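So the protein sequences, as listed, match chains V and L. Here the first sequence stands for residues 28 to 612, numbered as in the working numbering. Here the second sequence stands for residues 4 to 205, numbered as in the working numbering.
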Amino acid sequence: MAVPEADLRKHYDAIVIGSGAAGGMAAHVLTSHGMKVLMLEAGKKLPIDKELRSMEWPYDNPYRGKLPPDRHALSYNEYDIRKPPYGPGFEKYKHLHSYIGNNDYVKNIVVDERENPYTGTNYAWVRARCLGGKTNIWGRLALRFSDYDFKAKSHDGFGENWPITYSDLAPYYDKVDLYLGITGVKENLEELPDSIFQRPTKLNCAEVTLQQGLKKMGRTLTQYRAGVTSDGLKHNKYRSRCFGRGACDRHGGCDIHAAFDSPTGLIYPAMDTGNLTVRTNAVAREITVDPNTGKASGVHFVDSQTMQDYTVRAKVVIVAASTLESARLLLLSKSRQYPNGIGNSSEHVGHNFCEHVMSGGIVGQAKELIGKPSTNDDGRPGGFYVPRFRNLKDKQSNYIRGYGFEGDAGQGMLPRIHDASGFGAGFKDEVRKNKGSYIEMGAFGEVLARYENYVDLDPVVKDKWGIPALRFHFQFGDNERRMVKDMNETAKEMFEASGFKILEVSDRIRTEGGSIHELGTVRMGNDPKTSVLNQFEQSHDVKNLFVVDGSAFVNSSCQNPTWTIMALCWRSCDYLADEFAKGNL
Amino acid sequence: MSDKPDLKHDRRQWLKGSAAVLGSSLLPASAIASKTESKIAAENSKDKAAETKPSGRFLTPREHSLVAEMAETIIPADSKSGGAKAANVVDYIEEQLRERASTARQADFKEGLRLVDLMSQHYCGKSFIAASSEERIAVFTVISTNIEMTDLPEVRFFKDLRQMTINGYYSSKIGIHDDLEYKGNVALMEYVGCDHPPTKST
Numbered sequence: 028m029a030v031p032e033a034d035l036r037k038h039y040d041a042i043v044i045g046s047g048a049a050g051g052m053a054a055h056v057l058t059s060h061g062m063k064v065l066m067l068e069a070g071k072k073l074p075i076d077k078e079l080r081s082m083e084w085p086y087d088n089p090y091r092g093k094l095p096p097d098r099h100a101l102s103y104n105e106y107d108i109r110k111p112p113y114g115p116g117f118e119k120y121k122h123l124h125s126y127i128g129n130n131d132y133v134k135n136i137v138v139d140e141r142e143n144p145y146t147g148t149n150y151a152w153v154r155a156r157c158l159g160g161k162t163n164i165w166g167r168l169a170l171r172f173s174d175y176d177f178k179a180k181s182h183d184g185f186g187e188n189w190p191i192t193y194s195d196l197a198p199y200y201d202k203v204d205l206y207l208g209i210t211g212v213k214e215n216l217e218e219l220p221d222s223i224f225q226r227p228t229k230l231n232c233a234e235v236t237l238q239q240g241l242k243k244m245g246r247t248l249t250q251y252r253a254g255v256t257s258d259g260l261k262h263n264k265y266r267s268r269c270f271g272r273g274a275c276d277r278h279g280g281c282d283i284h285a286a287f288d289s290p291t292g293l294i295y296p297a298m299d300t301g302n303l304t305v306r307t308n309a310v311a312r313e314i315t316v317d318p319n320t321g322k323a324s325g326v327h328f329v330d331s332q333t334m335q336d337y338t339v340r341a342k343v344v345i346v347a348a349s350t351l352e353s354a355r356l357l358l359l360s361k362s363r364q365y366p367n368g369i370g371n372s373s374e375h376v377g378h379n380f381c382e383h384v385m386s387g388g389i390v391g392q393a394k395e396l397i398g399k400p401s402t403n404d405d406g407r408p409g410g411f412y413v414p415r416f417r418n419l420k421d422k423q424s425n426y427i428r429g430y431g432f433e434g435d436a437g438q439g440m441l442p443r444i445h446d447a448s449g450f451g452a453g454f455k456d457e458v459r460k461n462k463g464s465y466i467e468m469g470a471f472g473e474v475l476a477r478y479e480n481y482v483d484l485d486p487v488v489k490d491k492w493g494i495p496a497l498r499f500h501f502q503f504g505d506n507e508r509r510m511v512k513d514m515n516e517t518a519k520e521m522f523e524a525s526g527f528k529i530l531e532v533s534d535r536i537r538t539e540g541g542s543i544h545e546l547g548t549v550r551m552g553n554d555p556k557t558s559v560l561n562q563f564e565q566s567h568d569v570k571n572l573f574v575v576d577g578s579a580f581v582n583s584s585c586q587n588p589t590w591t592i593m594a595l596c597w598r599s600c601d602y603l604a605d606e607f608a609k610g611n612l
Numbered sequence: 004m005s006d007k008p009d010l011k012h013d014r015r016q017w018l019k020g021s022a023a024v025l026g027s028s029l030l031p032a033s034a035i036a037s038k039t040e041s042k043i044a045a046e047n048s049k050d051k052a053a054e055t056k057p058s059g060r061f062l063t064p065r066e067h068s069l070v071a072e073m074a075e076t077i078i079p080a081d082s083k084s085g086g087a088k089a090a091n092v093v094d095y096i097e098e099q100l101r102e103r104a105s106t107a108r109q110a111d112f113k114e115g116l117r118l119v120d121l122m123s124q125h126y127c128g129k130s131f132i133a134a135s136s137e138e139r140i141a142v143f144t145v146i147s148t149n150i151e152m153t154d155l156p157e158v159r160f161f162k163d164l165r166q167m168t169i170n171g172y173y174s175s176k177i178g179i180h181d182d183l184e185y186k187g188n189v190a191l192m193e194y195v196g197c198d199h200p201p202t203k204s205t
C-alpha cells in the first residue's frame, strides 16, 4: 500500500517513534480511539511484496540465497574478538551487517553496521530499520509472561517486581491473541499461561519422542506457540492464513503475512482508519520540550536520505524505537529542564539492561527415523517449546531464575551433515538416509537486570547522521554462566531420556546480544527514584511522554518478549487515550 | 605396479612418514621432483596454450575439468539421482572461488588441486582425470583418513572442495528435489505430523 506524503505542519495528537511491534501496536490502539497519529520510522518503506521471498528456491537465486559477495555479515567470532566499528579486515565489503543478515533474504531489512556504529563491550546488536522493523523477520515464538516473572523479586529476592501482575495484563494478551492470531496448545501451566489459540501445528515423530521422554521427567514439551494465524483473520485483509509451505526455517519473512509483521498486522489497518500518517526515512534525534510546561512538545528528526532537519509537534510523544534506541533517544534529549536526558531524573535510563542468554544448543538423532521418507517439516512456523522448569517449586543451589528451550526436528531445505570428512557413494547415501532424523534445540535464559549493565552515549563516535552512538557496558555474570552450564546438562539429560544419539552439545555461550531480546533500560516501577516509567509506561517526570517497547521491562523472564511488548503497549495506550480524552496529558 | 605403494595397507603409515619428512606435502619429495610433475606441467601449459582462459574465469579449462571430476567423486551419481557433475557443481565452486575467496584461499586451492593431481600420478600413474573411479576414491581416501593434517595444502583443499561441493550440490535442483526429495515450498492444507499416540489431546 502506498504511503502518502506526511504533513509535517500539522499539530498531531500523538507522535509514535518506531514502527515495529510496539510502534505498530501504539498506532493501532491510538488510531482506534480516534487520535490523529504521526508515525516516524528511521528506515525506508520496503516494497515488501518483492522483499519477502518466502518461496524462492536457492537455485533460482544468483547466490543460492547467500549474501552477494560485496556484503558481509559478522560472525560470532568477529563480534568476540574485534571491536566495533569492526576495525580493519572488512575493507573489501561495501556493506556490513549484523550476524542475522547472513542471507540474501534479509539484506535490505537489517541495517548497514558502518552507518550505525556503536562502541564499548562486545555486543551482537541486531537492528532493522524499515517499516515494521524486526517483525518482518522475527522468529515468531509468541509467549506470555507469568507472575513468576512479574513477581520474581517476591520469589527470590532479586531485583524489582513489576508494577503490574499477570491479571492486569491477561485481558490485553487476549486482545493481542485475537487481533493478530496465535497457534498453540493449551497446557494449563502457571509459568507459561495459555493464549487463545488458533489451530496448532503438529509435532513430528522425533518431537513426540522427546515429548514422551520429557513427560517421564515431569517436564512439558508443547507445540511452538507461533504468532502466526493458522485459521485466518476475518478483520484483516492484508494477511492470509498459514498454508504450511516453508521454507519457514529460513526466517526471511512470510510473504503472505500469516506470520505477524507490524506493517500488515497493525500499520496498514491503522492507516485505513484515516487517523495514521507515516513518515519513513525519519531518524529521530531529539524529543523537544516546551520550556514553559516541561512537557514533550514534539520530535526533531533528520531525513536519512536528504540529511534535512525537521521538527514536528504533537500533544503526546510515544517512544517505540526498540529497547536500546529508545534509551538512546531519551539520553539524546537533553535540555535545560532535563540535563541528563528527558525522563531521566532517576538516572536509570540506559540501566537495568537485560536480555536472554543462549546456550550453544544440542543436536541429536532419532535412530528410528533414519531412512524414512521425506516429510514437509519445514512448512511449520516452528517445532516445539519446552517451558521453564527451574526455580519454580524447586530451588537451584547456584543460580536463580530459569530458561526454556526452543527446537525442532525433521528435514529442512538443506541437509544437516555431521560427518566431517566423508565422501563418495556411501556419504551421499548417509546424507539421504539421515535427512529427516535430526532434532535440535537451544535454550534462552533470563539475564538478571542489573544496574551495572547499561548503555550510555559515546562522547566521540557518531552515526551517519551525526547523532552520538550508543556505548555498551554489558556483560553476562556468574548467574548466567552457571545457568548455561545447567542448560547444557539438562539438554543432554532430556535427549538421553528420549533415546536420541547426541551428536553435538556446544558449551559455548553466544555473544551478548545474540538472542536479539534486549530489554530493560527504561524500566517501569512504582518508585520514581528507581524507575523511569509508571505501570502505564508513562514517564514519571513528563506526563505526556510514554515509552512502550521492550525497554519498559523490569526483567527479561526467559520467555520471548514480543507478545508481552504488544500486550503492555495495548494496555498503556488504552490508558493514554483515556487520559488524553480527559485532557490530563 | 609393484613400485606403487600399497594403498590398502600402508598408505596411512606412508603418508604420516612422508608428511613428517616433507612437512608440507602428502607426496614424497621424489614424486614432486620427478618427471611426473614436469609432465603435468607440460600438459598444463599445452592446455593453456590450446584453450585460452575465458575472461573472468578463475579456473583454467583443465582445472575446471579436474574440479568437476573431483566434485563428482565427492558426490557421485547413483541410481537415485545425478551427482555433482549433473548438478554442475563445478561452476558453483568456480564462482565461489572467483567472487568470495581471499587471494590466499584461491592460491591454496590451486596449489592443493595441483598436489592432489600429483598424488593421483604417484598412486595411480595417471592424472585424476584419467584415473578410474576406484583410483580416484583411493586418492581421496588417503586425504580423508588424514583430515586432521590441515598443515598440508592438499588436505585444506580437500576440505574446501568437499564443503563447496556439498553446498553447491544440496542447493541445486537435483540435490533438493531428486536426491533429498524436500517437500517444502508447496501449500499444504494440513501438516501431517506424527501418528504416534499423542501425550496430550490436541
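The beta-carbon is built from N, C-alpha and C at its ideal position, and this holds for glycine as well. A quick note: this is a predicted structure, and the numbers were derived from the prediction, not measured.
- Rounded to whole angstroms, V/Ser324 and V/Tyr132 show a C-alpha spacing of 39 Å.
- Linking V/Leu560 to V/Ile369 through their CA atoms gives a straight-line distance of about 12 Å.
- V/Lys119 is classed as exposed because its beta carbon has fewer than 16 other beta carbons within 10 Å across all chains shown.
- V/Glu105 counts as buried, since no fewer than 16 other beta carbons sit within 10 angstroms of its beta carbon.
- Per DSSP, L/Ile96 is one residue of the alpha helix (DSSP H) stretching across Val92 to Glu102.
- Around the CB of V/Lys264, fewer than 16 other CB atoms lie within 10 Å, so the residue is classed as exposed.
- By the 16-neighbour rule on beta-carbons within 10 angstroms, V/Thr338 is exposed.
- For V/Ile529, the enclosing beta strand (DSSP E) has its first and last residue at Lys528 to Val532.
- Taken through DSSP and simplified to helix, strand or coil, V/Ile108 comes out as helix.
- For V/Ile283, no beta strand (DSSP E) encloses it, and the DSSP letter there is neither H nor E.
- When the beta-carbon positions are compared, V/Asn461 and V/Ile543 stay at least 8 Å from each other.
- Within the segment 315-380 of chain V, the complete alpha helix (DSSP H) runs of at least 4 residues fall at 350-359.
- L/Tyr194 sits in coil when the DSSP states are folded into three classes, being neither helix nor strand.
- Along the segment 130-150 of chain L, the positions whose C-beta sits under 7 Å from a C-beta of chain V are Ile140, Phe143, Ser147 and Ile150, read in chain order.
- For V/His99, there is no enclosing alpha helix (DSSP H); the enclosing beta strand (DSSP E) covers residues Arg98 to Ala100.
- The secondary-structure analysis by DSSP pairs V/Gly431 across a beta bridge with V/Phe471.
- In this structure L/Tyr172 is not in contact with L/Val70, their Cβ atoms being roughly 13 Å apart against a cut-off of 8 Å.
- In the DSSP assignment, V/Lys489 falls within the unbroken beta strand (DSSP E) covering Tyr481 to Lys489.
- Across the segment 180-193 of chain L, CB contacts with chain V closer than 7 Å involve Asp182, Leu183, Glu184, Tyr185, Lys186, Gly187, Asn188, Val189, Ala190 and Leu191, in sequence order along the chain.
- The beta carbon of L/Ala80 lies closer than 8 Å to those of Gly86, Lys88 and Ala89 in the same chain, with the five residues before and after it left out.
- V/Arg509 is positioned such that its CB atom lies closer than 8 Å to that of V/Asn425.
- In the DSSP assignment, L/Thr106 falls within the alpha helix (DSSP H) that extends over Thr106 to Cys127.
- V/Tyr465 is bridged by DSSP to V/Gln392.
- Of all alpha-carbon atoms in V/Asp34, V/Arg80, V/Asp576 and V/Lys242, the one lying nearest the alpha-carbon of V/Leu65 is that of V/Asp34.
- One Cα belongs to V/Ala476, the other to V/Glu382, and the distance between them is close to 8 Å.
- Burial state of V/Val487 is exposed, judged by a 10 Å Cβ sphere holding fewer than 16 other Cβ atoms.
- Remark: three or more beta-carbon pairs, one from each stretch, lie closer than 8 Å, so the segment 119-132 of chain L and the segment 141-149 of chain L are flagged as touching.
- The CB of L/Arg103 comes closer than 7 Å to the CB of Pro96 in chain V, given here in chain order.
- DSSP, read as helix, strand or coil, puts L/Val158 in helix.
- In this structure, DSSP gives V/Glu313 an extended state, which the three-state scheme calls strand.
- For L/Ile96, there are no neighbours in chain V by C-beta distance under 7 Å, as the nearest C-beta there is about 12 Å away.
- Residue burial annotation: V/Asn553 is exposed, with fewer than 16 other C-beta atoms found within 10 angstroms of its C-beta.
- CA-CA distance, V/Asn308 to V/Pro227, rounds to 38 Å.
- In the three-state DSSP reduction, V/Cys585 falls in the coil class, being neither helix nor strand.
- Boundaries for V/Pro408: no alpha helix (DSSP H) harbours it, and the DSSP string shows neither H nor E there.
- Taking a cut-off of 8 Å on C-beta distances, the segment 345-355 of chain V touches the segment 41-61 of chain V, as three or more cross pairs fall below it.
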